[in-house]
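See structure below.
2 protein chains.
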Amino acid sequence: MGRRADHTPEQLRALVLDAARKIVAAEGERALTTRRIAQDIGYTSGTLYNVFKDRDDLILALNGATLDELFAAVSGTARGADVEKRLRALARAYIGFVRAQPQLWSLIFEHSRATPEPDWYPPKVARVFGVMEETLAPLYGEAARRDCAQAARMLWASLHGMCVLESKGALAMPATTLVDGLIRHFIAGHEVLAGGGRRKA
Amino acid sequence: MGRRADHTPEQLRALVLDAARKIVAAEGERALTTRRIAQDIGYTSGTLYNVFKDRDDLILALNGATLDELFAAVSGTARGADVEKRLRALARAYIGFVRAQPQLWSLIFEHSRATPEPDWYPPKVARVFGVMEETLAPLYGEAARRDCAQAARMLWASLHGMCVLESKGALAMPATTLVDGLIRHFIAGHEVLAGGGRRKA
DNA sequence: GCGGGTACTGAACAGCGCTCAATTGCTTGC
DNA sequence: GCAAGCAATTGAGCGCTGTTCAGTACCCGC
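Chains as they are written, first to last, in our numbering: chain A, 1 to 201; chain B, 1001 to 1201.
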């Protein structure tokens, strides 16, 4: 064969990522080989290298897409109700995503890159992350932005840990139960620390 | 070559695991190949299969050894002082281990096995985990064992999440800072929930 | 309709996990 | 002290991987 031009480079990228997504979702990272992707979309593996630097680059792009999905799943939860309820809704949305797509989600964290991540990647993480900060904002005054950011990171990391351990089957109870406890303790503790005493939260 | 018997099977296992440990600690999972291990200990890769079922089995054994080290690092922290201080000490020991051996620690969670884990593995995890439950026990009566187990899992998972994200560089602040906040909120919240109201912790 | 440029292929390379026939040295029975 | 047998180890080799690249066959502008 020679030149085909059935697809523009953008279409081809999308095609590859879509195939990769399906493979990982169904069979996990180990099944994600260049030959397999190529076969699924009717090309050969060499063609992938016109459109991705290497396998790591492809996985990074896939992870970017997964982060976008995750953001979509989580960003609608911060409306109405009180902070505790919103936190619970946010946590449930996150856990729900992880349960629906454990393999894709795992790929984000399990894959250890050889190369440093490119500039476009950290903002995608930060955007998902920012939802927690927004949800938490009503608890903190304008002056306590720093405390809010810290609390958001704390809760997010905790939620993350529960999802990791649940998806490994190491929890022996649902992540939702644990995260409810976490939120309850956090809210109760916050009222004591911020309201009563003079210690910063 | 033929029969050598320079080492007993047990010695050989230890030799392999030691070499594997060094390779992972220094260069990460990607560098852990059977040929590389064999070369480092003066055998050929085929010999490893006398002593381990396959690469997954070898990694599982290495992870078991890492869990033993982790337990040793963490088990001495629950003595004296009040619960909050002990929690902090425990968390710092855990974080310290992760910072000292990020690659070995990551291997425990990043490696996705094809086969289910053998019987001897879960107790090693549970033992590390149990330290948190012991540390937390004074906060809960004999009757509230369940609450204690749940709180322990919650805190452990949270601590875990912070370590994961710190070792990925996704935290933008030290895990120790976050975990201190977590413990402070937990203790304050616990006093409210258990002491004041009638809600279970 | 023809030339130039390029998207694509397919063969090839090095290395991977893993297997197994062949080998070679130890060990045991005599 | 020697032979026979046993088993630990090798090394070649299989099928796979990611990655590269010369060559080709096609599309497009002229």
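For each residue, glycine too, the CB sits at the ideal point set by N, CA and C. Remember, predicted model here, so these are calculated numbers, not experimental data.
Check	Outcome
Between the stretch 1065-1095 of chain B and chain A, which residues of the former have CB atoms less than 8 Å from a CB of the latter, in chain order?	none
With a CB to CB cut of under 8 Å and the five nearest residues on each side skipped, what residues in its chain are close to A:Asp-40?	Ala-19, Lys-22, Ile-23
Give the residues from the stretch 1030-1056 of chain B that approach chain A closer than 9 Å (Cβ to any Cβ), ordered along the chain.	Arg-1030
Please list the terminal residues of the continuous alpha helix (DSSP H) segment that includes A:Trp-156.	145-167
Write down every uninterrupted run of the beta strand (DSSP E) in the stretch 36-110 of chain A whose length is 3 residues or greater and which is fully enclosed by it, in chain order.	none
Could you tell me the distance, in whole angstroms, from the CA atom of B:Leu-1067 to the CA atom of A:Met-162?	19 Å
Give a yes or no on whether the C-beta atoms belonging to A:Val-74 and A:Tyr-94 are separated by under 8 Å.	yes
Can you give me the C-alpha to C-alpha distance between B:Ala-1201 and B:Thr-1008, rounded to a whole angstrom?	In this prediction, B:Ala-1201 scores a pLDDT of 41, lower than 50, which makes its location untrustworthy; the coordinate-derived value is nonetheless stated afterwards. Cα to Cα, the separation comes out at about 53 Å.
Determine the DSSP secondary structure at B:Pro-1122, reduced to helix, strand or coil.	helix
On the DSSP letters alone, give me the boundaries of the alpha helix (DSSP H) that B:Leu-1182 sits inside.	1175-1190
Strictly below 8 Å CB to CB, what residues from chain A border B:Thr-1177?	Gln-150
Start and end of the alpha helix (DSSP H) containing B:Ala-1014?	1009-1027
With a threshold of 8 Å, are at least 3 pairs of Cβ atoms found where one atom belongs to the stretch 1135-1142 of chain B and the other to the stretch 137-154 of chain A?	no
Please return the same chain residues whose Cβ sits closer than 7 Å to the Cβ of B:Ser-1045, not counting the five positions on each side in sequence.	Thr-1034, Arg-1035, Ala-1038
Are the CB atoms of A:Val-98 and A:Ser-158 within a distance shorter than 8 Å?	no
Please check the pair A:Leu-58 and A:Leu-48, which I expect to be a contact at CB under 8 Å, by giving their CB distance rounded to whole angstroms.	7 Å
Less than 8 Å separating the beta-carbons of A:Leu-165 and A:Thr-135?	no
Using the Cα positions of B:Thr-1115 and B:Lys-1053, report the straight-line distance between them to the nearest angstrom.	11 Å
Quick one: what's got a C-beta closer than 6 Å to A:Leu-171's C-beta in the same chain, skipping five residues either side?	Leu-165
Using a Cβ-Cβ cut-off of 8 Å, state whether B:Gly-1028 counts as contacting chain A.	yes
Where does B:Lys-1200 sit, in a helix, a strand or coil, going by DSSP?	Annotation note: pLDDT 44 at B:Lys-1200 (below 50); position unreliable, no value reported.
Report yes or no: is there a C-beta of chain B within less than 8 Å of the C-beta of A:Ser-112?	yes
If you drop the 5 nearest sequence neighbours on each side, which residues of the same chain put their C-beta closer than 8 Å to that of B:Asn-1050?	Pro-1009, Leu-1012
Does A:Leu-171 get closer than 8 Å to chain B when you measure Cβ to Cβ?	yes
What is the DSSP secondary structure of A:Leu-136, counted as helix, strand or coil?	helix
B:Phe-1109 to A:Ser-112, Cα distance in whole Å?	12 Å
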